[in-house]
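Some notes on the structure that comes next.
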Amino acid sequence: MSITNRGQKWEWLNSIWILWTFAFGFFSWISFFYIGFRTKQTKWIISGIIYAIPFILAMIFMDGDNNPNNDHWMVNVTAGLTLFLGIIAIVHAFLVRKEYLLRLSTIKANKINQNEALKRKIEAEYGNRVQPTHQPNQSHAHLFEEKKEPTSFSPNHHAVESSSTIPPNQSPINLNLASEEMIASLPGIGTVLARAAIQHRQYRGGFQSLEEFAFLLQLKPHIVERIRPLVVVTPIYPKQPSSHGRMVDY
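In the numbering used here, the protein residues as written are 397 to 646.
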(Lines of atoms letter the chains of each structure in order from A and count residues from 1; the text may use other names and numbers.)
(Lines give C-alpha, C1' and ligand atoms only; values in the text may rest on other atoms or scores of the structure.)
Protein backbone atom coordinates (compact mmCIF):
# COMPACT_ATOMS: atom_id res chain seq x y z
CA MET A 1 0.00 0.00 0.00
CA SER A 2 1.38 3.37 -0.98
CA ILE A 3 2.21 5.88 1.71
CA THR A 4 1.93 8.87 -0.62
CA ASN A 5 -0.04 9.55 -3.80
CA ARG A 6 3.13 9.21 -5.89
CA GLY A 7 3.09 5.42 -6.05
CA GLN A 8 5.24 2.66 -4.60
CA LYS A 9 7.94 2.96 -7.26
CA TRP A 10 8.66 6.57 -6.28
CA GLU A 11 8.60 5.63 -2.59
CA TRP A 12 11.10 2.78 -2.94
CA LEU A 13 13.40 4.85 -5.14
CA ASN A 14 13.44 7.46 -2.39
CA SER A 15 14.09 4.81 0.28
CA ILE A 16 17.45 3.60 -1.05
CA TRP A 17 19.14 5.57 1.74
CA ILE A 18 18.11 2.79 4.15
CA LEU A 19 20.75 0.50 2.61
CA TRP A 20 23.49 2.49 4.37
CA THR A 21 22.17 1.20 7.71
CA PHE A 22 23.08 -2.38 6.75
CA ALA A 23 26.82 -1.61 6.48
CA PHE A 24 27.70 -3.17 9.85
CA GLY A 25 26.66 -0.01 11.67
CA PHE A 26 29.60 2.01 10.40
CA PHE A 27 27.67 4.05 7.84
CA SER A 28 24.22 4.35 9.42
CA TRP A 29 24.94 8.03 10.06
CA ILE A 30 25.00 8.67 6.29
CA SER A 31 21.33 7.66 6.02
CA PHE A 32 20.19 10.04 8.75
CA PHE A 33 22.36 12.91 7.59
CA TYR A 34 20.86 12.44 4.13
CA ILE A 35 17.20 12.51 5.17
CA GLY A 36 17.85 15.20 7.76
CA PHE A 37 19.43 17.66 5.34
CA ARG A 38 16.99 16.83 2.55
CA THR A 39 13.92 17.58 4.68
CA LYS A 40 15.65 20.11 6.97
CA GLN A 41 14.89 18.07 10.10
CA THR A 42 17.34 18.68 12.95
CA LYS A 43 16.21 15.58 14.87
CA TRP A 44 17.45 13.27 12.14
CA ILE A 45 20.73 15.14 11.84
CA ILE A 46 21.25 14.67 15.58
CA SER A 47 20.49 10.97 15.17
CA GLY A 48 23.12 10.87 12.44
CA ILE A 49 25.68 12.37 14.80
CA ILE A 50 24.89 9.71 17.42
CA TYR A 51 25.14 6.88 14.88
CA ALA A 52 28.48 8.31 13.71
CA ILE A 53 30.12 7.69 17.10
CA PRO A 54 31.15 4.07 16.33
CA PHE A 55 32.65 5.19 13.04
CA ILE A 56 34.69 7.91 14.77
CA LEU A 57 35.90 5.55 17.50
CA ALA A 58 36.81 2.93 14.92
CA MET A 59 38.95 5.46 13.09
CA ILE A 60 40.76 6.20 16.36
CA PHE A 61 41.27 2.75 17.88
CA MET A 62 41.30 0.44 14.84
CA ASP A 63 43.74 2.14 12.52
CA GLY A 64 46.13 -0.79 11.98
CA ASP A 65 46.88 -4.40 12.87
CA ASN A 66 50.21 -3.58 14.55
CA ASN A 67 48.89 -0.63 16.48
CA PRO A 68 49.17 -1.18 20.23
CA ASN A 69 45.86 0.60 20.63
CA ASN A 70 44.17 -2.54 19.28
CA ASP A 71 44.62 -4.14 22.73
CA HIS A 72 42.94 -1.23 24.43
CA TRP A 73 39.64 -1.88 26.18
CA MET A 74 38.03 0.81 23.98
CA VAL A 75 38.34 -1.53 21.04
CA ASN A 76 35.85 -3.91 22.63
CA VAL A 77 33.60 -1.01 23.56
CA THR A 78 33.70 0.30 20.02
CA ALA A 79 32.87 -3.10 18.54
CA GLY A 80 29.94 -3.60 20.91
CA LEU A 81 28.67 -0.06 20.37
CA THR A 82 28.92 -0.44 16.62
CA LEU A 83 26.83 -3.60 16.65
CA PHE A 84 24.28 -2.19 19.07
CA LEU A 85 23.80 1.16 17.30
CA GLY A 86 23.81 -0.60 13.93
CA ILE A 87 20.77 -2.67 14.88
CA ILE A 88 19.04 0.36 16.41
CA ALA A 89 19.72 2.39 13.26
CA ILE A 90 18.09 -0.22 11.01
CA VAL A 91 14.93 -0.26 13.11
CA HIS A 92 14.98 3.52 13.40
CA ALA A 93 15.32 3.94 9.63
CA PHE A 94 12.23 1.85 8.89
CA LEU A 95 10.27 3.69 11.58
CA VAL A 96 11.02 7.15 10.14
CA ARG A 97 10.64 6.08 6.49
CA LYS A 98 6.92 6.89 6.39
CA GLU A 99 7.39 10.35 7.89
CA TYR A 100 10.32 11.06 5.59
CA LEU A 101 8.38 10.11 2.44
CA LEU A 102 5.39 12.23 3.47
CA ARG A 103 7.63 15.21 4.21
CA LEU A 104 9.55 14.76 0.95
CA SER A 105 6.32 14.49 -1.08
CA THR A 106 4.98 17.67 0.52
CA ILE A 107 8.24 19.53 -0.10
CA LYS A 108 8.19 18.60 -3.77
CA ALA A 109 4.53 19.60 -4.11
CA ASN A 110 5.21 22.95 -2.44
CA LYS A 111 8.18 23.51 -4.73
CA ILE A 112 5.96 22.96 -7.77
CA ASN A 113 3.36 25.35 -6.35
CA GLN A 114 6.05 27.94 -5.68
CA ASN A 115 7.34 27.62 -9.23
CA GLU A 116 3.81 28.03 -10.60
CA ALA A 117 3.20 31.04 -8.36
CA LEU A 118 6.49 32.61 -9.49
CA LYS A 119 5.57 31.92 -13.12
CA ARG A 120 2.17 33.58 -12.71
CA LYS A 121 3.78 36.53 -10.93
CA ILE A 122 6.28 37.06 -13.75
CA GLU A 123 3.59 36.69 -16.40
CA ALA A 124 1.40 39.19 -14.58
CA GLU A 125 4.32 41.59 -14.17
CA TYR A 126 5.25 41.59 -17.84
CA GLY A 127 1.62 41.43 -18.88
CA ASN A 128 0.90 44.66 -17.03
CA ARG A 129 3.89 46.40 -18.57
CA VAL A 130 3.22 45.37 -22.14
CA GLN A 131 -0.25 46.59 -22.99
CA PRO A 132 -1.60 46.49 -26.53
CA THR A 133 -1.67 49.89 -28.19
CA HIS A 134 -5.11 49.28 -29.65
CA GLN A 135 -7.93 47.44 -27.95
CA PRO A 136 -10.45 46.08 -30.43
CA ASN A 137 -14.06 46.93 -29.75
CA GLN A 138 -16.39 44.23 -28.59
CA SER A 139 -18.24 44.54 -31.87
CA HIS A 140 -15.07 43.31 -33.61
CA ALA A 141 -14.75 40.22 -31.45
CA HIS A 142 -16.23 37.85 -33.98
CA LEU A 143 -13.80 39.08 -36.64
CA PHE A 144 -10.99 37.27 -34.81
CA GLU A 145 -12.66 33.89 -34.77
CA GLU A 146 -10.85 30.70 -35.46
CA LYS A 147 -9.96 30.21 -39.10
CA LYS A 148 -12.72 28.39 -40.92
CA GLU A 149 -12.56 26.01 -43.86
CA PRO A 150 -11.70 27.93 -47.04
CA THR A 151 -14.70 28.47 -49.28
CA SER A 152 -14.82 29.95 -52.71
CA PHE A 153 -16.26 33.45 -52.89
CA SER A 154 -18.41 34.83 -55.63
CA PRO A 155 -20.08 38.17 -56.39
CA ASN A 156 -23.35 36.72 -55.10
CA HIS A 157 -21.91 35.84 -51.69
CA HIS A 158 -23.95 37.39 -48.93
CA ALA A 159 -22.16 40.11 -46.99
CA VAL A 160 -21.94 40.11 -43.24
CA GLU A 161 -24.06 42.70 -41.52
CA SER A 162 -21.81 45.74 -41.17
CA SER A 163 -23.89 47.41 -38.48
CA SER A 164 -22.73 44.86 -35.90
CA THR A 165 -19.04 44.97 -36.84
CA ILE A 166 -18.18 48.57 -37.68
CA PRO A 167 -17.21 50.55 -34.60
CA PRO A 168 -19.37 53.57 -33.75
CA ASN A 169 -18.37 56.85 -35.42
CA GLN A 170 -16.16 55.01 -37.91
CA SER A 171 -17.11 54.87 -41.56
CA PRO A 172 -16.23 51.92 -43.79
CA ILE A 173 -13.02 52.30 -45.77
CA ASN A 174 -13.60 53.08 -49.43
CA LEU A 175 -11.16 50.89 -51.34
CA ASN A 176 -11.22 53.25 -54.34
CA LEU A 177 -10.41 56.33 -52.27
CA ALA A 178 -8.48 55.07 -49.23
CA SER A 179 -4.80 55.77 -48.71
CA GLU A 180 -2.16 53.07 -48.46
CA GLU A 181 -2.07 53.42 -44.67
CA MET A 182 -5.84 52.97 -44.36
CA ILE A 183 -5.82 49.84 -46.51
CA ALA A 184 -2.84 48.47 -44.57
CA SER A 185 -4.80 48.85 -41.32
CA LEU A 186 -7.37 46.28 -42.46
CA PRO A 187 -7.09 42.81 -40.84
CA GLY A 188 -4.78 40.50 -42.74
CA ILE A 189 -3.61 43.12 -45.28
CA GLY A 190 -0.47 44.89 -44.09
CA THR A 191 1.88 47.30 -45.83
CA VAL A 192 3.01 45.04 -48.70
CA LEU A 193 -0.49 44.12 -49.85
CA ALA A 194 -1.69 47.69 -49.36
CA ARG A 195 1.06 48.97 -51.66
CA ALA A 196 0.10 46.34 -54.26
CA ALA A 197 -3.55 47.36 -53.95
CA ILE A 198 -2.68 51.00 -54.69
CA GLN A 199 -0.72 49.93 -57.78
CA HIS A 200 -3.63 47.82 -59.06
CA ARG A 201 -6.06 50.65 -58.40
CA GLN A 202 -3.96 53.18 -60.28
CA TYR A 203 -3.46 50.80 -63.20
CA ARG A 204 -7.12 49.77 -63.47
CA GLY A 205 -8.64 53.07 -62.47
CA GLY A 206 -10.29 51.53 -59.41
CA PHE A 207 -11.92 48.33 -58.18
CA GLN A 208 -15.31 47.17 -59.36
CA SER A 209 -16.00 45.09 -56.22
CA LEU A 210 -14.48 43.60 -53.11
CA GLU A 211 -14.17 40.30 -54.96
CA GLU A 212 -12.00 41.94 -57.60
CA PHE A 213 -9.87 43.52 -54.88
CA ALA A 214 -9.47 40.10 -53.21
CA PHE A 215 -8.71 38.34 -56.51
CA LEU A 216 -5.96 40.78 -57.47
CA LEU A 217 -4.31 40.53 -54.04
CA GLN A 218 -4.91 36.75 -53.84
CA LEU A 219 -6.55 37.04 -50.43
CA LYS A 220 -7.75 33.94 -48.64
CA PRO A 221 -11.52 33.60 -48.19
CA HIS A 222 -11.46 34.03 -44.41
CA ILE A 223 -9.53 37.30 -44.81
CA VAL A 224 -12.15 38.52 -47.27
CA GLU A 225 -14.92 37.81 -44.79
CA ARG A 226 -13.04 39.66 -42.05
CA ILE A 227 -12.67 42.84 -44.07
CA ARG A 228 -16.03 42.67 -45.87
CA PRO A 229 -17.99 44.62 -43.21
CA LEU A 230 -15.16 47.16 -42.89
CA VAL A 231 -14.94 48.32 -46.50
CA VAL A 232 -17.06 49.66 -49.32
CA VAL A 233 -16.36 49.92 -53.04
CA THR A 234 -17.93 52.90 -54.75
CA PRO A 235 -18.88 52.44 -58.40
CA ILE A 236 -16.45 53.76 -60.97
CA TYR A 237 -17.93 56.22 -63.42
CA PRO A 238 -16.17 56.38 -66.77
CA LYS A 239 -14.91 59.77 -67.79
CA GLN A 240 -17.07 61.59 -70.29
CA PRO A 241 -15.28 61.82 -73.64
CA SER A 242 -14.30 65.36 -74.46
CA SER A 243 -15.60 66.77 -77.78
CA HIS A 244 -12.97 67.08 -80.45
CA GLY A 245 -12.52 70.10 -82.67
CA ARG A 246 -12.62 73.80 -82.05
CA MET A 247 -15.70 75.82 -81.41
CA VAL A 248 -16.09 78.73 -83.77
CA ASP A 249 -17.76 81.88 -82.55
CA TYR A 250 -19.96 83.63 -85.04
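All C-beta atoms, glycine included, are put in the ideal place defined by N, C-alpha and C.
query	result
What's the gap between the Cα of residue 594 and the Cα of residue 579?	9 angstroms
Quick one: is residue 631 buried, meaning 16 or more other Cβ sit within 10 Å of its Cβ, or exposed?	exposed
Between which two residues does the alpha helix (DSSP H) holding residue 374 run?	There is simply no residue 374 to check, as the chain begins at 397 and stops at 646 in what is shown.
Residue 629 to residue 599, Cα distance in whole Å?	16 angstroms
Within the continuous alpha helix (DSSP H) that includes residue 403, where are the two ends?	Element bounds for residue 403: n/a, residue is neither H nor E.
Apply the 10 Å Cβ neighbour rule to residue 587 and answer buried if 16 or more other Cβ atoms are within range, or exposed otherwise.	exposed
From the DSSP secondary-structure annotation, give me the bridge partner or partners of residue 569.	627
I need the boundaries of the alpha helix (DSSP H) containing residue 432, first residue and last residue.	424-435
Does the separation of the CB atoms of residue 444 and residue 422 fall below 8 angstroms?	no
On a Cα-Cα basis, can you pick out the residue from 614, 605 and 570 that is closest to residue 626?	570
How far does the alpha helix (DSSP H) with residue 595 in it extend, from its first residue to its last?	586-600
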